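Engineer:
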Amino acid sequence: MTIGFIDSAVGTRNIPESVRALSSLPDIDYADRFTLSTNADATPEQWARAMFGHVPTAAEQLIWRGLLGLRLSRGRSPDTVAGWRIGERGEDWIRLEAASWFLTGNLLVQATDGRVSLGTFLRYDRRLGHGVWPPLSAIHRRLVPGVLRDAAAKIAQFTE
1 MTIGFIDSAV GTRNIPESVR ALSSLPDIDY ADRFTLSTNA DATPEQWARA
51 MFGHVPTAAE QLIWRGLLGL RLSRGRSPDT VAGWRIGERG EDWIRLEAAS
101 WFLTGNLLVQ ATDGRVSLGT FLRYDRRLGH GVWPPLSAIH RRLVPGVLRD
151 AAAKIAQFTE
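See below:
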């Protein structure tokens, strides 16, 4: 398996309009996108499940439910990935959706042309979103490259 460089973009102006258009959010307050070059081959849903699993881990529960208050589905389902509802999908992408009382989020996984991308799009529905996410976003941006690399290793294991 070949794993290449991870490219990142932060801020709505730094993400192509064609990618932002895949979000279900009419207004986006926070956006980032990380892209990994790899020869590991899988569908966007397989990539999403390799990244996050079928149900959230304890750490994901702490962050997503505890700190962000996201309402996630419980248990395994073909309609969810780690509790996030599958909102929509295309040939080379899948969008996961979740919301709390103060923010709404999309995770966008794209897989095409030897690359996989994870985009995070948030809308602050209440003032608290402006206070909670910015400090957490710094941690998020440090963790995402590892999430992509670990997913590529899992995909490679399944395909060998």
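So the sequence shown is numbered by my numbering: it starts at 1 and just counts up by one.
C-beta atoms are modelled at their ideal positions from N, C-alpha and C, and glycine is treated no differently.
As the structure is a prediction and not an experimental result, all values here were calculated from the model.
What do you get for residue 91, buried or exposed, if any count of 16 or more other CB atoms within 10 angstroms of its CB means buried?
Structural biologist: Taking the sequence shown and counting its residues from 1, the one referred to as residue 91 is at position 91. Under this definition residue 91 is an exposed residue.
Engineer: Okay, do the region 142 to 158 and the region 48 to 55 touch, 3+ Cβ pairs below 8 Å being the bar?
Structural biologist: Three or more beta-carbon pairs separated by less than 8 Å link the region 142 to 158 to the region 48 to 55, which places the two stretches in contact.
Engineer: Can you name the start and end residues of the beta strand (DSSP E) that residue 115 belongs to?
Structural biologist: Numbered from its first residue, the sequence shown carries residue 115 at position 115. Its beta strand (DSSP E) spans residues 115 to 124.
Engineer: Here's the rule I'm using: 16 or more other beta-carbon atoms within 10 Å means buried, otherwise exposed. How should residue 101 be labelled?
Structural biologist: Counting from one through the sequence shown, the residue named residue 101 turns up at place 101. When all chains shown are included, residue 101 counts as exposed.
Engineer: Do residue 118 and residue 144 come within 7 Å of each other at the CB atom, strictly closer than that value?
Structural biologist: Numbered from its first residue, the sequence shown carries residue 144 at position 144. Numbered from its first residue, the sequence shown carries residue 118 at position 118. Cβ atoms of residue 144 and residue 118: closer than 7 Å.
Engineer: If you scan the region 30 to 62 from start to end, which runs of the beta strand (DSSP E) of 3 or more residues do you find wholly inside it?
Structural biologist: Entirely contained in the region 30 to 62, the beta strand (DSSP E) runs reaching 3 residues are, in chain order, 30 to 38.
Engineer: From the DSSP secondary-structure annotation, give me the bridge partner or partners of residue 90.
Structural biologist: Taking the first residue of the sequence shown as position 1, residue 90 is located at position 90. Looking at the DSSP assignment, residue 90 forms a beta bridge with 93.
Engineer: On the DSSP letters alone, give me the boundaries of the beta strand (DSSP E) that residue 106 sits inside.
Structural biologist: Sequence index remark: in the sequence shown, residue 106 carries index 106 (1-based). It spans 103 to 112 - the beta strand (DSSP E) in which residue 106 sits, taken as one unbroken run.
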